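Here's the structure, in structure tokens; my notes come after.
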Amino acid sequence: MGSHPDHLITIRTVPRLAIGQRAFLCRTPYGNVLWDCLTYLDDETIAQINKLGGIAAIVISHPHYYATNLHWADTFNCPVYLSAEDAEWVMRKGPRQDFWEGSELRLPLGPGDDAGDVVAVKTGGHFPGSSVLWWKSLRTLLIADTIFVVPSGVYHVGRLPGTTSFSFMWSYPNMIPLPPDEVHKIWKAIAHTEFDDTYGAFEGGETFGNSKRRVLDSAKIIVKAMGYLDHAIHQERCL
């Protein structure tokens with residue numbers, strides 16, 4: 001486990017397991033939210049998380065993180081939220097799973113919480129129900145690989161025109177990009193959010209500062225590179 005801001009804890013398996021993905025423990029005043037989960041859960045991790053206050057809710061970005069979600073939910077006695085659009089990919093079902101519908105999921109975490117600070121936003125793209133997690137008060141977007149931080153995205157100094165910070169892929173191992181309409185759909189899903197920083201699925205996959213504008217800029221660069229010079233996304237503005 002590692003810390004980013006005081007309220008954001010990364011969880012990953014060492015030595016590397018599977019593709020080296022990570023999860024995040026979001027520490028709010030009303031309870032902790034686990035964004036995505038890993039397959040391997042050991043006693044040390046359980047003890048560390050319980051020491052930090054346990055888990056009030058688990059939210060999964062897309063089926064590649066379904067893993068042992070029920071085991072985590074049972075261990076920490078909490079619900080796990082998965083997109084209804086991707087229910088067919090769940091191999092093990094149980095009463096703690098909540099298949100949420102609609103474009104947003106507001107998480108009531110405890111007494112006094114108005115369920116307005118931590119919000120799952122459904123974007124589609126990588127999977128029909130792919131989602132991101134918007135932490136309003138931290139101006140942070142947890143993006144998994146719904147929106148993917150590329151190597152040129154981890155710095156933002158002296159950048160040449162046409163340099164991307166993010167990519168939008170249907171298949172990452174096979175490097176198959178999403179079509180322009182799907183890229184546009186992702187942008188429209190998050191256009192109302194306000195965020196400065198992003199945290200992605202893999203270690204080192206973070207962007208700091210001006211990240212919302214960089215998402216839109218990257219989307220336009222990619223769609224243009226596909227040859228769609230007149231696509232509607234080029235009319236979008238970052239407000």
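Residues 1 to 239 in full-length UniProt numbering are what the sequence shown spells out, letter by letter.
Using N, Cα and C, we set each Cβ at its ideal position, and we do this for glycine too.
Small disclaimer: the values here were computed from a predicted structure and weren't measured.
Indicate whether L41 and T75 have their beta-carbon atoms separated by less than 9 Å.
The Cβ atoms of L41 and T75 sit closer than 9 Å to each other.
How would you label K212, buried or exposed, when you count the other beta carbons within 10 angstroms and need 16 or more for buried?
Counting the other Cβ atoms within 10 Å of the Cβ of K212 gives 16 or more, which makes it buried.
What are the start and end residues of the alpha helix (DSSP H) that includes A189?
That run of the alpha helix (DSSP H) goes 180-190.
Any heavy atom of the ligand NAP closer than 8 Å to the CB of K93?
The ligand NAP is not part of this structure, which contains no ligands at all.
Residue(s) in a DSSP beta bridge with Y199:
Here Y199 is bridged, per DSSP, to L142, E206.
Residue nearest to L109 in terms of C-alpha spacing, selected from G54, I186, T163:
Looking at the Cα atoms, G54 is the closest of the given residues.
Among G209, H231, F166, Y172, whose alpha-carbon lies nearest the alpha-carbon of R139?
For R139, the nearest C-alpha among the options comes from G209.
Inter-stretch contact at 8 Å, needing at least 3 Cβ pairs: the region 196-210 / the region 152-161:
When C-beta atoms of the region 196-210 are compared with those of the region 152-161, three or more pairs fall below 8 Å, so the two segments count as touching.
Candidates W89, E88, W100, M91: which alpha carbon is nearest V80's?
Considering only alpha carbons, the answer is W100.
What is the C-beta distance between F166 and S218, in whole angstroms, given that I count them as a contact (C-beta under 8 Å)?
Right, the Cβ-Cβ distance comes to about 4 Å (below 8 Å), so this counts as a contact.
Let me check understanding here. Comparing Cα to Cα, which of S131, Y65, L38 lies closest to I190?
The closest CA to that of I190, considering only S131, Y65, L38, is found on S131.
Which residue's Cα is closest to the Cα of K185: T39, K93, T164, S103?
It is S103.
Taking C-beta to C-beta, are T198 and V215 nearer than 9 Å?
Against a cut-off of 9 Å, the Cβ pair of V215 and T198 comes out as a contact.
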